[in-house]
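K.L.:
Number of protein chains: 2
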Amino acid sequence: MDSNDLTLADQGARARRASRVLATATSSLKDAALQRAARLIEERAGEILLANEKDVRDAGERGATRTALDRLRLDPSRVQSMAAGLRSVAALPDPVGEILDGWVRPNGLRVRRVRVPLGVVGVIYENRPNVTSDAAALCVKSGNAVMLRGSSSTINSNMQIASALREGVRQAGLPEDSVLLVTETSRESAVELMRMRGVIDCLIPRGGHDLVASVIENATVPYVIDGDGNCHVYVDASADLDRAVEIIVNAKMQRPSVCNAAESLLVHADVAADLLPRARARMAGVEMVGDARACAILDGIGRATEKDFATEFLDLKLAVAVVDDLDAAIDHIATYGTGHSEAIVTEDLEAARRFTQEVDAACVVVNASTRFVDGGELGLGAEIGISTQKLHARGPMGLRELTSVKFVLEGEGQIRT
Amino acid sequence: MDSNDLTLADQGARARRASRVLATATSSLKDAALQRAARLIEERAGEILLANEKDVRDAGERGATRTALDRLRLDPSRVQSMAAGLRSVAALPDPVGEILDGWVRPNGLRVRRVRVPLGVVGVIYENRPNVTSDAAALCVKSGNAVMLRGSSSTINSNMQIASALREGVRQAGLPEDSVLLVTETSRESAVELMRMRGVIDCLIPRGGHDLVASVIENATVPYVIDGDGNCHVYVDASADLDRAVEIIVNAKMQRPSVCNAAESLLVHADVAADLLPRARARMAGVEMVGDARACAILDGIGRATEKDFATEFLDLKLAVAVVDDLDAAIDHIATYGTGHSEAIVTEDLEAARRFTQEVDAACVVVNASTRFVDGGELGLGAEIGISTQKLHARGPMGLRELTSVKFVLEGEGQIRT
Numbered sequence: 013m014d015s016n017d018l019t020l021a022d023q024g025a026r027a028r029r030a031s032r033v034l035a036t037a038t039s040s041l042k043d044a045a046l047q048r049a050a051r052l053i054e055e056r057a058g059e060i061l062l063a064n065e066k067d068v069r070d071a072g073e074r075g076a077t078r079t080a081l082d083r084l085r086l087d088p089s090r091v092q093s094m095a096a097g098l099r100s101v102a103a104l105p106d107p108v109g110e111i112l113d114g115w116v117r118p119n120g121l122r123v124r125r126v127r128v129p130l131g132v133v134g135v136i137y138e139n140r141p142n143v144t145s146d147a148a149a150l151c152v153k154s155g156n157a158v159m160l161r162g163s164s165s166t167i168n169s170n171m172q173i174a175s176a177l178r179e180g181v182r183q184a185g186l187p188e189d190s191v192l193l194v195t196e197t198s199r200e201s202a203v204e205l206m207r208m209r210g211v212i213d214c215l216i217p218r219g220g221h222d223l224v225a226s227v228i229e230n231a232t233v234p235y236v237i238d239g240d241g242n243c244h245v246y247v248d249a250s251a252d253l254d255r256a257v258e259i260i261v262n263a264k265m266q267r268p269s270v271c272n273a274a275e276s277l278l279v280h281a282d283v284a285a286d287l288l289p290r291a292r293a294r295m296a297g298v299e300m301v302g303d304a305r306a307c308a309i310l311d312g313i314g315r316a317t318e319k320d321f322a323t324e325f326l327d328l329k330l331a332v333a334v335v336d337d338l339d340a341a342i343d344h345i346a347t348y349g350t351g352h353s354e355a356i357v358t359e360d361l362e363a364a365r366r367f368t369q370e371v372d373a374a375c376v377v378v379n380a381s382t383r384f385v386d387g388g389e390l391g392l393g394a395e396i397g398i399s400t401q402k403l404h405a406r407g408p409m410g411l412r413e414l415t416s417v418k419f420v421l422e423g424e425g426q427i428r429t
Numbered sequence: 013m014d015s016n017d018l019t020l021a022d023q024g025a026r027a028r029r030a031s032r033v034l035a036t037a038t039s040s041l042k043d044a045a046l047q048r049a050a051r052l053i054e055e056r057a058g059e060i061l062l063a064n065e066k067d068v069r070d071a072g073e074r075g076a077t078r079t080a081l082d083r084l085r086l087d088p089s090r091v092q093s094m095a096a097g098l099r100s101v102a103a104l105p106d107p108v109g110e111i112l113d114g115w116v117r118p119n120g121l122r123v124r125r126v127r128v129p130l131g132v133v134g135v136i137y138e139n140r141p142n143v144t145s146d147a148a149a150l151c152v153k154s155g156n157a158v159m160l161r162g163s164s165s166t167i168n169s170n171m172q173i174a175s176a177l178r179e180g181v182r183q184a185g186l187p188e189d190s191v192l193l194v195t196e197t198s199r200e201s202a203v204e205l206m207r208m209r210g211v212i213d214c215l216i217p218r219g220g221h222d223l224v225a226s227v228i229e230n231a232t233v234p235y236v237i238d239g240d241g242n243c244h245v246y247v248d249a250s251a252d253l254d255r256a257v258e259i260i261v262n263a264k265m266q267r268p269s270v271c272n273a274a275e276s277l278l279v280h281a282d283v284a285a286d287l288l289p290r291a292r293a294r295m296a297g298v299e300m301v302g303d304a305r306a307c308a309i310l311d312g313i314g315r316a317t318e319k320d321f322a323t324e325f326l327d328l329k330l331a332v333a334v335v336d337d338l339d340a341a342i343d344h345i346a347t348y349g350t351g352h353s354e355a356i357v358t359e360d361l362e363a364a365r366r367f368t369q370e371v372d373a374a375c376v377v378v379n380a381s382t383r384f385v386d387g388g389e390l391g392l393g394a395e396i397g398i399s400t401q402k403l404h405a406r407g408p409m410g411l412r413e414l415t416s417v418k419f420v421l422e423g424e425g426q427i428r429t
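In the order they appear, the protein sequences are chains V and U. Residue numbering for the first sequence follows the numbering used here, beginning at 13 and increasing consecutively. Residue numbering for the second sequence follows the numbering used here, beginning at 13 and increasing consecutively.
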């Protein structure tokens, strides 16, 4: 029976059974599964591209935007990248079995904490078909079964990709239900997935506001939020302004559509008149809006609203505020920031120390671009998302963040008195 | 204005402001706050006991059970224990600022992961007034503001205790709103607390099924569940039966009302006829119920229902099943266990290895009593609960589990290309 015909509850039961096998599978077996899946993705590139053409055609007929179509569209090089991604995850060290720490109690009881898989991971995502293989690779490598719930617009591509992944896992001698594609793509079924407590050990929603809001409202399963990045660059009075301009330009313009791009620029009043015109001169094409003091320096820019400072533009737009001091910058970030990535440009040791300690965010950056906040750039290997919550994982999430921990106690008959 | 007259939203705003100060407070300051609070608890023992007398009298008039009254009642030695608890938490190492790891990227960017406080912790608990000071101590020490929401039956005791805690924190020069008692104790206000997203960074419900179910259904804030402990002891064919009997008796009888007590006994068929009568002989006062094979060995015990195997009795009752092998024991635990603490008694290396690897629980125990699954017994210092979830914290939670992590990136103008 094709797993695609099963109910969500049936799929959940299958995922749980598979997860018990996968939890104790050796790294060699899991790596072989990913290697075989990579080869099958390559061998079946034709079928995958054909299915993708249908998805793109259907989406086009429904009037999808150019951006949406671009995200959805595969080509031979993107299929090759999926295979390469599977192989690169196979090459990463296996986090499972790591002993975090261990000690002996006075009564001789030996205690250790061991890294273990979560069990079943659910991923709800939108219309990038490569997430199907990327997420599956990270989950399988970390010993988890995965329930993948992509969008309806990607369904034909995803079915082909998932089929290759399942076959690869099966060929390696692991349960093919380690990778399950949820083909029921209604909103109701997404909510059903969010409420499969006892089945899904961790849900990772990868999508926009509406999806995240729905998870927060509806989920009864544990989840990790990959939330907004309303990221700031603060230029301190002591900053090297050449360096500051380069960092601002990079943080805003290098790839404006991503969560670690900067959305607001805060400038110390002492250097605003010098810095702002120089920054503006380097940012052709960027719409700048500012507070009263920024507008007084930058002729002709629009006035920033309260909402502008609270918005993740994900576009060539930048909100600018002039602040009196470091405290005002930290307060502004505390008010409007989303706890993602916050940067300071400064030559002052005390300002750097205070900013890194007092700004409450997943990542604080001194004298570098916010764009480095990324699993690959930080050297974590592949990432399954960037957590903006404080529990479990914070910042870029790699294989380690797809694991839990287990206490193991060993004795020789110790009892408590 | 007394903090008790504020709305929950006002209290939340105060807690957030306090949390920003507390987040960067030195260990010396935080320890001084706990030391001063301890002294104030002692100095005000008279007022605390008087308030507690009123709570006990009121609860008695409402027909509270003897157990409930016992939990609620303070006496001079219990007040002294609260002060001692504050001092012992002050003596623990401060987890904040610990560098978990750090490395340098090829472009010279320096990366480190630093332990930071969560921010504001919410604790919803029932009628033990000592939780007020125990939870506050752990939160303040780990740099978190805390919103304490005890039950209405403990309100007079809690107000006195919280007042001493707030005064102690204030005397040490930290914001008194680091410790806030929520005096509105309706069910609606509990749900309101569960939905203060953006205010509460971590909610810890310490209570029974109804409270946990309400959190799972209603909470929009992140939470850690301290859930049921339907713990098993499995006696393998190879077990030292003398040792097995001692462990069973200890796990069931030493303190039956707690989550790490055993609720079910699984015995390998090869040793059941030998072990079960010996175990029963040592467990006078324990009601045993069994499956068909256990009943055939133990004359006169009741037949265990499906529900018995799924129940955390928290009482002198034990469900017994005879299993064919280790696989059957592991399957039984996977079916009925709650992922808390599971023990095996065995002399067989392979059985011990398989049990520790394949049983999915916060704690797996080889040849010792499940009663050791406790923060104090394992050497973690005080504990704020035992997590039965897999995200963030699993097993006994101490100071470390009341923290998050922050990436700090330091460069000299690095930009992404």
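Every residue gets a Cβ at the ideal spot worked out from N, C-alpha and C, and that includes glycine. This one's a predicted model, so the numbers in the text were calculated from it and none came from an experiment.
Would you kindly work out how many angstroms separate the C-alpha atoms of Glu324(U) and Thr382(V), rounded to a whole number?
P.N.:
Residue numbering aside, residue 324(U) sits at position 312 when the second sequence is read from its first letter. Residue numbering aside, residue 382(V) sits at position 370 when the first sequence is read from its first letter. Distance between the alpha carbons of Glu324(U) and Thr382(V) is about 50 angstroms.
K.L.:
Name the residue from Leu18(U), Gly75(U) and Asn156(U) whose alpha carbon lies nearest to the alpha carbon of Lys402(V).
P.N.:
Here residue 402(V) refers to the residue found at position 390 of the first sequence. The shortest C-alpha separation from Lys402(V) is found at Asn156(U).
K.L.:
So, helix, strand or coil for Cys214(U), using DSSP?
P.N.:
Within the second sequence, the letter at position 202 stands for residue 214(U). Residue state, collapsed to three classes: strand.
K.L.:
Pick from Glu362(U), Asn262(U) and Asp146(U): whose alpha carbon is nearest that of Ser276(U)?
P.N.:
Taking the second sequence and counting its residues from 1, the one referred to as residue 276(U) is at position 264. Selected option, being the one with the closest Cα: Asn262(U).
K.L.:
Within 10 angstroms of its Cβ, does Pro234(U) collect 16 or more other Cβ (buried), or is it exposed?
P.N.:
For this step, residue 234(U) is matched to residue 222 along the second sequence. That one is buried.
K.L.:
Could you name the residues of the same chain whose beta carbon sits closer than 6 angstroms to that of Ala363(U), not counting the 5 residues immediately before and after it, in chain order?
P.N.:
Translated into the one-based positions of the second sequence, residue 363(U) becomes position 351. Hits under 6 angstroms: Asp248 and Leu338.
K.L.:
State yes or no: is the C-beta of Ala202(U) within less than 8 angstroms of the C-beta of Ile136(U)?
P.N.:
Against the second sequence, residue 202(U) aligns to sequence position 190. Against the second sequence, residue 136(U) aligns to sequence position 124. Yes.
K.L.:
According to the Cβ coordinates, are Ile260(V) and Val270(V) closer than 8 angstroms?
P.N.:
Here residue 260(V) refers to the residue found at position 248 of the first sequence. Here residue 270(V) refers to the residue found at position 258 of the first sequence. Against a cut-off of 8 angstroms, the Cβ pair of Val270(V) and Ile260(V) comes out as no contact.
K.L.:
When we look at the beta-carbon of Met13(U) and count the other beta-carbons within 10 Å, is it buried (16 or more) or exposed?
P.N.:
If you number the second sequence from 1, residue 13(U) lands on position 1. Unreliable placement is indicated for Met13(U), whose pLDDT of 42 sits below 50; the coordinate value is still reported in the next sentence. Exposed.
K.L.:
Since His244(V) meets chain U, which of its residues come closer than 7 angstroms, beta carbon to beta carbon?
P.N.:
On the first sequence, residue 244(V) is found 232 positions in, with the first residue counted as 1. Residues of chain U passing the Cβ test: none, with the nearest at roughly 14 angstroms.
K.L.:
Measuring only from the beta carbon, is Pro234(V) closer than 7 angstroms to any heavy atom that is part of the ligand ZN?
P.N.:
With respect to the ligand ZN, the structure offers nothing, as it holds no ligand at all.
K.L.:
Buried or exposed, going by whether 16 or more other CB atoms sit within 10 Å of the CB of Thr19(U)?
P.N.:
Walking along the second sequence from the start, residue 19(U) turns up at place 7. Its Cβ having fewer than 16 others within 10 Å, Thr19(U) is exposed.
K.L.:
Could you tell me the distance, in whole angstroms, from the CA atom of Glu54(U) to the CA atom of Leu193(U)?
P.N.:
Sequence index remark: in the second sequence, residue 54(U) carries index 42 (1-based). Sequence index remark: in the second sequence, residue 193(U) carries index 181 (1-based). Rounded to whole angstroms, Glu54(U) to Leu193(U) spans 19 angstroms at the Cα level.
K.L.:
At 3 residues or longer, what runs of the beta strand (DSSP E) sit wholly inside the stretch 30 to 103 of chain U?
P.N.:
Entirely contained in the stretch 30 to 103 of chain U, not one beta strand (DSSP E) run reaches 3 residues.
K.L.:
Does DSSP put Asp248(V) in a helix, a strand or coil?
P.N.:
Position 236 of the first sequence, counted from the start, is the residue given in the question as residue 248(V). Coil at Asp248(V), not helix or strand.
K.L.:
Considering Cα atoms alone, identify which of Gly302(V), Gly109(V) and Phe419(V) is closest to Trp115(V).
P.N.:
In the first sequence, counting from the first residue as 1, residue 115(V) sits at position 103. Of the candidates Gly302(V), Gly109(V) and Phe419(V), the one whose C-alpha sits nearest the C-alpha of Trp115(V) is Phe419(V).
K.L.:
Where Leu253(V) and Leu112(U) are concerned, what is the direct C-alpha to C-alpha distance, given to the nearest angstrom?
P.N.:
Along the first sequence, read from residue 1 onward, the residue named residue 253(V) stands at position 241. Along the second sequence, read from residue 1 onward, the residue named residue 112(U) stands at position 100. Answer to the nearest angstrom: the Cα atoms are 33 angstroms apart.
K.L.:
Tell me the residue span of the alpha helix (DSSP H) that contains Asp320(V).
P.N.:
Working through the first sequence from its first residue, we reach residue 320(V) at position 308. Taken as a continuous stretch (DSSP letters only), the alpha helix (DSSP H) holding Asp320(V) covers Glu318 to Ala322.
K.L.:
Report, in whole angstroms, the separation of the C-beta atoms of Ala374(V) and His352(V), which I expect to be a contact under 8 angstroms.
P.N.:
By one-based count along the first sequence, residue 374(V) stands at place 362. By one-based count along the first sequence, residue 352(V) stands at place 340. Indeed, because the Cβ distance is near 6 angstroms, the residues count as touching under 8 angstroms.
K.L.:
Would you list the residues sitting across from Leu193(U) in a DSSP beta bridge?
P.N.:
Within the second sequence, residue 193(U) is the residue found at index 181, counting from 1. The partner list for Leu193(U) (beta bridge, DSSP) reads Leu160(U).
K.L.:
Pull up the distance between the alpha-carbon of Pro268(U) and that of Arg178(U), whole angstroms please.
P.N.:
Along the second sequence, one-based indexing puts residue 268(U) at 256. Along the second sequence, one-based indexing puts residue 178(U) at 166. Rounded to whole angstroms, Pro268(U) to Arg178(U) spans 36 angstroms at the Cα level.
K.L.:
Need the endpoints of the alpha helix (DSSP H) that Gly312(U) sits in, please.
P.N.:
Position 300 of the second sequence, counted from the first residue, corresponds to residue 312(U). Premise fails: Gly312(U) is in no alpha helix (DSSP H) and is neither H nor E.
K.L.:
When you compare the stretch 78 to 97 of chain V with the stretch 128 to 142 of chain V, are there three or more beta-carbon pairs, one atom per stretch, that lie closer than 8 angstroms?
P.N.:
Result yes; three or more Cβ-Cβ pairs closer than 8 angstroms.
K.L.:
Of all the CB atoms in chain U, is at least one closer than 8 angstroms to the CB of Ala95(V)?
P.N.:
Taking the first sequence and counting its residues from 1, one reaches residue 95(V) at position 83. No, no contact with chain U.
K.L.:
Using a beta-carbon distance cut-off of less than 8 angstroms, what residues from the stretch 369 to 387 of chain U approach chain V?
P.N.:
Taking 8 angstroms as the Cβ-Cβ cut-off against chain V, the residues of the stretch 369 to 387 of chain U that qualify are Gln369, Glu370, Asp372, Ala373, Ala374, Cys375, Val376, Val377, Val378, Asn379, Ala380, Ser381, Arg383, Phe384 and Val385.
K.L.:
Pull up the distance between the alpha-carbon of Gly425(V) and that of Asn242(U), whole angstroms please.
P.N.:
For the purposes of this step, residue 425(V) is taken as the residue at position 413 of the first sequence. For the purposes of this step, residue 242(U) is taken as the residue at position 230 of the second sequence. Taking the straight line joining both Cα atoms gives about 21 angstroms.
K.L.:
Please name the residue, chosen from Thr317(V), Ala45(V) and Ala274(V), that lies closest to Val152(V) on a Cα-to-Cα basis.
P.N.:
Position 140 of the first sequence, counted from the start, is the residue given in the question as residue 152(V). For the residues Thr317(V), Ala45(V) and Ala274(V), the minimum Cα distance to Val152(V) belongs to Ala45(V).
K.L.:
Is Ile228(V) close to chain U, meaning its C-beta is less than 8 angstroms from at least one C-beta of that chain?
P.N.:
For the purposes of this step, residue 228(V) is taken as residue 216 along the first sequence, with counting starting at 1. Output row for Ile228(V): interface = yes.
K.L.:
Which runs of the alpha helix (DSSP H) at least 4 residues long sit entirely within the stretch 326 to 406 of chain U? Give them in chain order.
P.N.:
Whole alpha helix (DSSP H) segments, 4+ residues: 338 to 348 and 361 to 370.
K.L.:
Below 8 angstroms, can you find three or more Cβ-Cβ pairs linking the stretch 391 to 407 of chain V to the stretch 90 to 106 of chain V?
P.N.:
Touching, per the Cβ criterion.
K.L.:
For the stretch 102 to 159 of chain U, which segments carrying the alpha helix (DSSP H) assignment without a break, of at least 4 residues, lie completely within its bounds, in sequence order?
P.N.:
You should have 142 to 153.
K.L.:
Would DSSP call Ala274(V) helix, strand or coil?
P.N.:
Numbered from 1 along the first sequence, position 262 holds the residue referred to as residue 274(V). Ala274(V) falls in the strand class under three-state DSSP.
K.L.:
Please check the pair Ile398(V) and Val371(V), which I expect to be a contact at CB under 8 angstroms, by giving their CB distance rounded to whole angstroms.
P.N.:
Locating residue 398(V) in the first sequence gives position 386, counting from the first residue. Locating residue 371(V) in the first sequence gives position 359, counting from the first residue. Not confirmed; about 17 angstroms, so no contact.
K.L.:
Measuring straight from C-alpha to C-alpha, what distance separates Ser190(V) and Val181(V)?
P.N.:
In the first sequence, counting from the first residue as 1, residue 190(V) sits at position 178. In the first sequence, counting from the first residue as 1, residue 181(V) sits at position 169. Their Cα atoms are separated by approximately 7 angstroms.
K.L.:
With C-beta atoms as the reference, is Met159(V) less than 8 angstroms away from Gln23(V)?
P.N.:
As a working note, residue 159(V) is residue 147 in the first sequence. As a working note, residue 23(V) is residue 11 in the first sequence. Closer than 8 angstroms, so yes.
K.L.:
Are the CB atoms of Val357(U) and Arg255(U) nearer to each other than 8 angstroms?
P.N.:
If you number the second sequence from 1, residue 357(U) lands on position 345. If you number the second sequence from 1, residue 255(U) lands on position 243. Yes. Within cutoff.
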